[in-house]
Amino acid sequence: MNLDPVSQRMETGKDIDVHDFKGPGVALAMYNIDSGRGDEDIPVVEPNQPIIIDNEEVERNINNDNVDEQMPNEEGIGLDFLMRDPGLRKQIETYDSDEKDLIRRSYIDFGPYQPKLDNYPYSGSEKHPRRFQKSWEVPQIHTFFQQLIFVVNVVTSSSKRHDELQATQLAEIEHLVEIEGLETGKGLNQIGTLQRPGDTRWSSHYKSISSLLRMYCATRLVLANIASEGTTYAQRGDALNGFKLLMSFEFVFNIHVVKEIMAITDGLCQALQLKTQDIVNAMHLVCTTKTLLQTLRNDGWESLLHNVKVFCEKNGVTVPDMDSPYVDVLKSIRQQSRQKDNVTMEHHYRVDIFMAAIDRQLQELNARFSERATELLILSAALNPRDGYKSFNIEHICKLARDFYPIDFTEHEKDHLSYELQHYWLDIPIHPVLKNLTTLGDLCQGLVTTEKIKDYPLVSRLIRLVLTLPASTATTERAFSAMKIVKTNLRSKMEDDFLKDYLIVYIEKEIAETLSEDAIIDAFYMMKERRAQLK
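Just so you know, we're using my numbering here: the sequence shown kicks off at 46 and counts up by one.
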């Protein structure tokens with residue numbers, strides 16, 4: 046007599062795999078037995094009473110790939126009607142006890158659920174609304190930089206390959222000059238090498254990309270020679286892998302995308318590392334950078350794709366059909382069969398890489414310069430003396446002192462500031478020394494040299510407060526670099542006060558050079574009586 050799985054286990058005492066049969070009730074019973082739960086929790090099953098299970102219906106529901114996002118069927122489980130959205134679906138604990146395991150297994154088979162939305166709804170209070178943001182990370186760009194470092198290391202790993210790269214460049218330049226394919230002149234057509242990118246060196250990634258594009262043909266020829274004539278299999282294998290990367294369309298496309306983005310952001314990177322950069326200039330650079338990036342996102346796709354195709358045709362790189370479907374290798378066969386809309390090659394390169402990379406940069410700028418920081422920058426710009434004090438605004442300056450520096454000004458000073466600014470506006474813009482200034486730093490120095498600081502102490506104090514805003518981290522980075530040089534292993538017991546004084550002299554070398562030895566000795570003797578005679 047054929048017994049059901051539970052009856053067979055009770056008769057024979059052997060374990061039966063739960064996956065050998067279908068049925069939520071049986072699965073729950075087997076789970077209770079195997080997990081050691083008490084008999085009171087196990088459904089009572091008579092040995093000669095088989096459980097009636099509609100295996101065809103359960104199997105049809107489990108294998109159904111076309112899962113619609115509708116509410117569950119109230120009369121049964123209805124696996125083809127399970128709600129995928131975690132915020133809308135029923136909790137598993139609300140189902141019957143003999144259905145929970147099947148529901149749980151079904152959701153596991155479905156995999157993680159991620160809604161495809163462009164704009165997520167707001168939550169929280171009306172004053173401080175919050176909204177979930179899509180992931181801005183671009184895996185293709187991260188992979189590209191790893192590939193870039195790999196290619197540069199393979200080509201420049203030895204002096205022999207470096208010499209071969211330069212010899213190949215020389216031969217290429219001579220050939221182009223002969224056929225009049227290059228413009229000749231002083232300082233043109235210089236022979237260089239590939240530059241390695243570094244996370245601690247400003248603009249090193251942009252220079253590395255530019256050097257590879259400039260020496261693309263020479264680099265590809267060197268990799269081909271190493272792949273065919275390398276001394277070891279490891280050298281030949283690495284060179285062959287690098288050669289395939291250079292000949293792939295996605296690598297060529299990514300290097301052009303990153304070059305366009307970094308060409309726009311490089312000016313901001315260079316400016317932020319300046320030691321004397323003030324906050325007002327930083328605001329203008331951030332605004333122009335964001336505007337150029339948005340323009341590139343909206344209007345730069347056609348020109349970029351055209352440049353990439355021209356580059357590929359010139360160097361023999363195969364260009365795929367942009368209207369053909371794109372196959373994502375990360376997705377399983379089941380997920381691809383469930384996908385309704387086929388993504389084209391153009392959509393992948395334009396949306397998933399080009400727009401995503403630009404959006405990542407814009408999101409980073411927006412995160413670093415939040416609404417509060419942007420308001421501070423806008424209000425600070427009212428003090429800027431550029432263009433004959435064109436941006437001067439008394440209301441903005443008073444709001445700057447009232448909202449951002451409430452501790453630095455008393456209530457009386459806040460009220461008196463507006464009247465002082467009125468005198469300031471009628472005097473400073475026409476002053477022969479102060480009317481043609483361009484930066485806040487020059488204005489602060491000018492107020493001191495002309496002794497106008499005595500007439501406008503509140504305005505001068507506010508300008509100094511704005512100048513102390515950290516527009517960049519370059520000064521801090523230089524201080525830590527100097528600390529590594531000053532406090533060595535032999536000076537590990539140096540006290541903090543002495544270290545501070547030592548670093549000030551070491552970092553501010555320009556000020557230290559103006560101090561004479563006699564002045565230092567005189568100051569040393571004035572501190573207290575000394576028995577030692579230094580002069």
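Idealized CB from N, CA, C, for every residue including glycine.
For residue i, write down the residues that DSSP places opposite it in a beta bridge.
i             : result
threonine 455 : Paired residues: none, contrary to the question.
proline 365   : Answer is none; proline 365 lacks a bridge partner.
threonine 582 : The displayed coordinates of the chain run from 46 to 580. Any statement about residue 582 would go beyond what the structure contains.
Shortest alpha-carbon distance to residue i belongs to which of the options?
i                 : options                           : result
serine 436        : Leu544, Val200 and Leu422         : Leu422
glutamine 315     : Glu458, Leu330, Leu514 and Gln280 : Leu330
tryptophan 346    : Ala216, Val302 and Met307         : Val302
threonine 455     : Leu407, Leu507 and Asn411         : Leu507
histidine 476     : His392, Phe190 and Gly491         : Gly491
leucine 349       : Thr363, Gly312, Glu391 and Asp311 : Glu391
leucine 466       : Ser526, His441, Arg342 and Ile452 : His441
alanine 327       : Met260, Asp487, Leu512 and Val493 : Leu512
phenylalanine 449 : Ser273, Leu482, Leu514 and Asn411 : Leu514
cysteine 262      : Val200, Gln280, Gly275 and Asp311 : Val200
histidine 28      : Leu407, Ser203, Thr521 and Asp373 : Limits of the chain in this structure are 46 at one end and 580 at the other, which puts residue 28 out of reach.
glutamate 522     : Glu553, Gln318, Tyr140 and His250 : Gln318
tyrosine 464      : Leu503, Arg395 and Gly486         : Leu503
threonine 276     : Thr213, Asp311, Lys304 and Arg206 : Arg206
asparagine 198    : Leu548, Thr264 and Asn438         : Thr264
methionine 260    : Gln214, Tyr278 and Lys304         : Gln214
glutamate 420     : Leu510, Lys444 and Thr340         : Lys444
lysine 304        : Ala279, Ser249 and Tyr278         : Ser249
Can you give me the Cβ contacts of residue i inside the same chain, cut-off strictly under 6 angstroms, excluding the 5 residues immediately before and after it?
i              : result
serine 256     : Leu239 and Gln240
threonine 495  : Val478
glutamate 558  : none
glutamate 295  : none
valine 388     : Tyr371
tyrosine 434   : Pro474
proline 184    : none
alanine 216    : none
methionine 571 : none
isoleucine 194 : none
methionine 307 : Tyr251
isoleucine 107 : At isoleucine 107 the pLDDT is 42, less than 50, meaning the model places this residue with poor confidence; the figure from the coordinates comes in the next sentence. For isoleucine 107, where only same-chain residues beyond five positions count, there are no Cβ hits under 6 angstroms.
With residue i as the anchor, note down where its alpha helix (DSSP H) starts and where it stops.
i                 : result
phenylalanine 543 : 541–552
arginine 509      : 502–512
serine 255        : 249–259
isoleucine 194    : 184–200
alanine 401       : 401–413
glutamate 347     : 346–360
methionine 292    : Careful: methionine 292 lies outside any alpha helix (DSSP H) and carries neither H nor E.
lysine 435        : From DSSP, lysine 435 is part of no alpha helix (DSSP H); its letter is neither H nor E.
glutamine 642     : With the chain covering 46 to 580 only, the question about residue 642 has no answer from this structure.
alanine 564       : 562–572
arginine 417      : 416–425
Who are the Cβ neighbours of residue i in its own chain at under 7 angstroms, not counting the five residues just before and after it?
i              : result
glutamate 409  : none
leucine 290    : Gln192, Val196 and Phe296
alanine 446    : Phe454, Lys459, Leu462 and Leu507
isoleucine 137 : Lys145, Ile148 and Arg149
valine 362     : Met292, Phe294 and Val297
valine 364     : Phe294, Lys354 and Cys357
leucine 482    : Pro430, Leu488 and Gly491
lysine 252     : Gln240
alanine 272    : Arg281, Ala284, Leu285 and Phe288
tyrosine 547   : Val531
Is it the case that the CB of residue i approaches a heavy atom of the ligand COA more closely than 6 angstroms?
i          : result
lysine 354 : In terms of ligand content, the structure shown is empty, and the ligand COA therefore cannot be addressed.
Once the 5 residues before and after residue i are set aside, which same chain residues still bring their CB inside 8 angstroms of it?
i              : result
leucine 337    : Ile309
isoleucine 398 : Val183, Gln185, Ile186, Phe298, Asn299 and Val302
glutamate 209  : Val267 and Asn270
isoleucine 498 : Leu492 and Ser505
aspartate 366  : Met390
serine 369     : Thr389 and Met390
serine 202     : none
TODO: Flag this pair as touching only if the segment 330–342 and the segment 271–290 have three or more C-beta atom pairs under 8 angstroms; answer yes or no.
DONE: no
- [ ] Would you check if there are 3 or more beta carbon pairs closer than 8 angstroms linking the segment 423–432 to the segment 389–405?
- [x] Contact check between the segment 423–432 and the segment 389–405: fewer than three CB pairs, one atom from each, fall below 8 angstroms, which does not count as touching.
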